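>
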């Protein structure tokens, strides 16, 4: 209605600015900046609720799983501003995204704002003048089924994480987490690494040669061909071998045989320059390639990873910016369908740029497997009824955004172009050779194939990338014009040996593809899944490959052995389908959560599984057997090898004590073979180096290499014993120091830390410099300040210390010089830098700070990784502060009795099970030591008699 004041709420300031430009003066557009409230943390609950049914999860599992919501601390100001704006409005329009998350944000806004004016829900999948005008004319009511689906997912994740994560803390390591989707994704990566560990390579040989037509032939072009048969028997290639290093049953049934090295080399020698081959056949087949469908969220992330080397998080960050600024359609969708206006726009640009002949007679229509009402109904494409060309957007977009827009534009235009056509020629050649150990000549058969594209069609615009595949590389040879029975000279025959390769590790692209194939996750979650398993330390990147950590092996093992149903791929996928049914109104939220948590006829339920866990052997969960003598253990300070051999010592009870051996940083799990483990175990540790004598204590100082790094320590005098609980003075070396070269004065200075810098003239408190858990720092009473480097511990003077203490502790101090500097961040537009902070190195753009996680080194941080860390930090939002004990906006819970407490878990049995392999190793080591001791005593006795 004209003249009425309308308040429009969207999620982001960028979206608000873009939409505001298309709406008239009667509309005020404000951003909520995401969700304004969320499930309370149990610690944030009001005191009267902490001991009630909400106390454990902030969800009342006995009362239809009623959640207790609180307004986020960082959103209270936003809510106040929205309420103030609503007072002057005649209508409230909720224009959040059209998926589950957007619908839930709109519902929470209604619950918090409690408007007394008419409310409309406005949705659109692109931000253009036409789309906004159409959305204004077609507002709708809030879809409560979508809200239920989102709320169910949120509660489901809370129940899953809060029930299972504590088990991981007790049995694996603190601060770990489990999630219904992240755990399945971690298991996929671990399973692939297990396949690589179990893989046995097979050696096979092949023979290739160059074949040259006669000089007077119509086409004398030479070409390469490969030996494929000997006397009609097919030679095995890489694809014929299984992961056990043997020929597969299928290959054996087909009669494939491996070519041995000696025979391959002998055949190469026999094919002399005077040898000739005959063309037996030339086969030509038509070749057709169809264009790929327009992008869905999954395929966009996959292709951006392959072609642009973007992480999933980066891709979605750039796509979000492009959408909110009106350049592309909504970026969370699993539909490859294009609207009629988009089809027309793509066909028009294809005809204009590449010619009318590149268009098929009829528009192409793509369909996909829709997962439910969560997703938009169109593919990701350039916005509008006329696509903006990438060249026209140079300078308007950041480099990262422009590259992604160009990818989307090319894919969309190509999807409406004609098939690429051509022909594939396959030539079969025969050559006869006489082997010494055979009575009859051997018939060697070679083949070569080549594809010629005669009509490029869509390839003029775009060609889809491909993931790494196993097996032999495809041949595509440029072949001359050949005829049957034509004679060819054989030139440069060469025998080559090959080894089969293990299954390739997942990349972000291939993991996203696999998750989609299994039905795990949805368009809005793929990027978050991958980011989460990396942030948790379960997976790291090695180039583009995803490598699981050893801790991930322990986590997956525990989940497989004790929560097998919950990490089952089919069960996880079925949960996604159930959420889709809730979103479409075909399933009841409360009933489904009840069956998931309390169980049903087909499933024991999460609570039943957790309450009946029984005993979990933490040592077994954290131990991975290498062989009878060596196991890998996940310990408190990381993974190490536990070795039982003749070098092991025996304790006072006569039991063999295992040796601990460090594992080099960066050694992937599949690289820790039995041979490598023994190599590490057999390596002699660096000998302790005597640095000198401490000038004050008179004790000898030695430099050592320990499990936690190099250090110096004082040795006790012969016969000296320290009081109970006291140990020799020890100090870790600085990162810049080497135990092989450290000098006495440096060692003394380290052992004498903390260093007294001076006395503060105002307070009279002593100021000391020292090293700590988070790096070097100054201390004055209870006040501290970080130092810029470890060396500053010995160089800072009283004046410098006073200057540091005169500055605010956080925020306003002069920033330390950047360790690395990059281009502008695609979101903030500000330069990205890597700095060294109080709690270690971090990435910043001046607005957002993101800690560099364990597993990433400053040297390896690239611009892409830096922007990814910033994007992850922005998505998480500011750190939560402790909420005051005030009653927050919430669904009113019914007064029901609290859930029954589960019985306390039994203590683990104290008796240790004896490993037979270790027992045998202990006996062997004891026997070896006894023999050595007897030999030494005999030698000593003989020396005495002499």
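Residue numbers (the numbering used here): 242 to 1187. Quick reminder that beta carbons are idealized off the backbone N, C-alpha and C, glycines included. Note that the structure is predicted; figures quoted are calculated from it, not measured.
(1) Between 869, 518, 339, 416, which has its C-alpha nearest residue 824's C-alpha?
(2) In terms of residues, what are the limits of the beta strand (DSSP E) holding residue 349?
(3) Look up residue 437 in the DSSP assignment and give the residues it is bridged to.
(4) Do the CB positions of residue 885 and residue 897 come within less than 7 Å of each other?
(5) Under DSSP, the beta strand (DSSP E) around residue 361 begins and ends at which residues?
(6) Tell me the DSSP secondary structure of residue 566 in three-state form.
(7) With DSSP as the reference, label residue 528 as helix, strand or coil.
(8) Does the segment 940-957 come into contact with the segment 973-986, if we say contact requires no fewer than three beta-carbon pairs (one atom in each stretch) closer than 8 Å?
(9) Whole angstroms is fine: what's the gap from residue 626's alpha carbon to residue 850's?
(10) With residue 818 as the anchor, note down where its alpha helix (DSSP H) starts and where it stops.
(11) Assign residue 310 to one of two classes, buried (16 or more other C-beta atoms within 10 Å of its C-beta) or exposed (fewer than that).
(12) For the candidate residues 974, 956, 359, 976, whose alpha-carbon lies nearest to that of residue 968?
(13) Look up residue 482 in the DSSP assignment and say whether it is helix, strand or coil.
(14) Closest to residue 501 by CA distance: which of 782, 443, 984, 540 is it?
(15) Identify whether residue 258 lies in helix, strand or coil by the three-state DSSP scheme.
(16) Check this for me: beta carbons of residue 368 and residue 567, under 7 Å apart or not?
(17) Restricting to Cα atoms, I'd like to know which of 322, 1107, 297 is closest to residue 285.
(18) Helix or strand or just coil, what does DSSP make of residue 935?
(19) Which residue spans inside the segment 748-817 form an unbroken beta strand (DSSP E) run of at least 3?
(20) Expressed to the nearest angstrom, what Euclidean distance is found between the alpha-carbon atoms of residue 655 and residue 647?
(21) Would residue 694 be called buried (16 or more neighbouring beta carbons within 10 Å of its own) or exposed?
(22) Leaving out five residues on either side along the sequence, give the residues of the same chain with a beta carbon under 7 Å from the beta carbon of residue 819.
(23) Which two residues bound the contiguous alpha helix (DSSP H) that contains residue 325?
(24) Is there contact between the segment 460-479 and the segment 628-648, where contact requires at least three CB pairs shorter than 8 Å?
(25) Comparing alpha-carbon positions, which option in 1029, 970, 531, 1043 lies nearest residue 1003?
(26) Which residue or residues does DSSP assign as beta-bridge partners of residue 517?
(27) In angstroms, rounded to a whole number, what distance separates the CA positions of residue 260 and residue 270?
(28) What residue does the beta strand (DSSP E) around residue 944 start on, and which one ends it?
(29) Taking DSSP as the reference, what is the three-state secondary structure of residue 904?
(30) Given this structure, state the Cα-to-Cα distance separating residue 917 from residue 906, to the nearest angstrom.
(31) Please specify which runs of the beta strand (DSSP E), each continuous and at least 3 residues long, are wholly inside the segment 1067-1108, giving them in chain order.
(32) Using the three-state DSSP reduction, which class does residue 1132 fall into: helix, strand or coil?
(33) Anyone know if the C-beta pair for residue 459 and residue 536 falls short of 7 Å?
(34) I need the DSSP call for residue 275, collapsed to helix, strand or coil.
(35) In this structure, does DSSP put residue 621 in helix, strand or coil?
(36) Exposed or buried, which one is residue 1103 when buried takes at least 16 other CB atoms within 10 Å?
In short:
(1) 339
(2) Premise fails: residue 349 lies in the alpha helix (DSSP H), 341-354, not in any beta strand (DSSP E).
(3) For residue 437, which the question treats as bridged, DSSP gives no partner whatsoever.
(4) yes
(5) 360-362
(6) coil
(7) strand
(8) yes
(9) 54 Å
(10) 810-824
(11) buried
(12) 956
(13) strand
(14) 443
(15) helix
(16) yes
(17) 297
(18) coil
(19) 780-783, 786-789
(20) 12 Å
(21) exposed
(22) 828, 833
(23) 317-328
(24) no
(25) 1043
(26) 730
(27) 8 Å
(28) 941-947
(29) coil
(30) 14 Å
(31) 1072-1078, 1081-1085, 1090-1092
(32) Confidence at residue 1132 is low in this model, with a pLDDT of 44, below 50, so the placement of that residue should be treated as unreliable; the coordinate-derived value is given next. Here residue 1132 sits in coil by DSSP.
(33) no
(34) coil
(35) strand
(36) exposed
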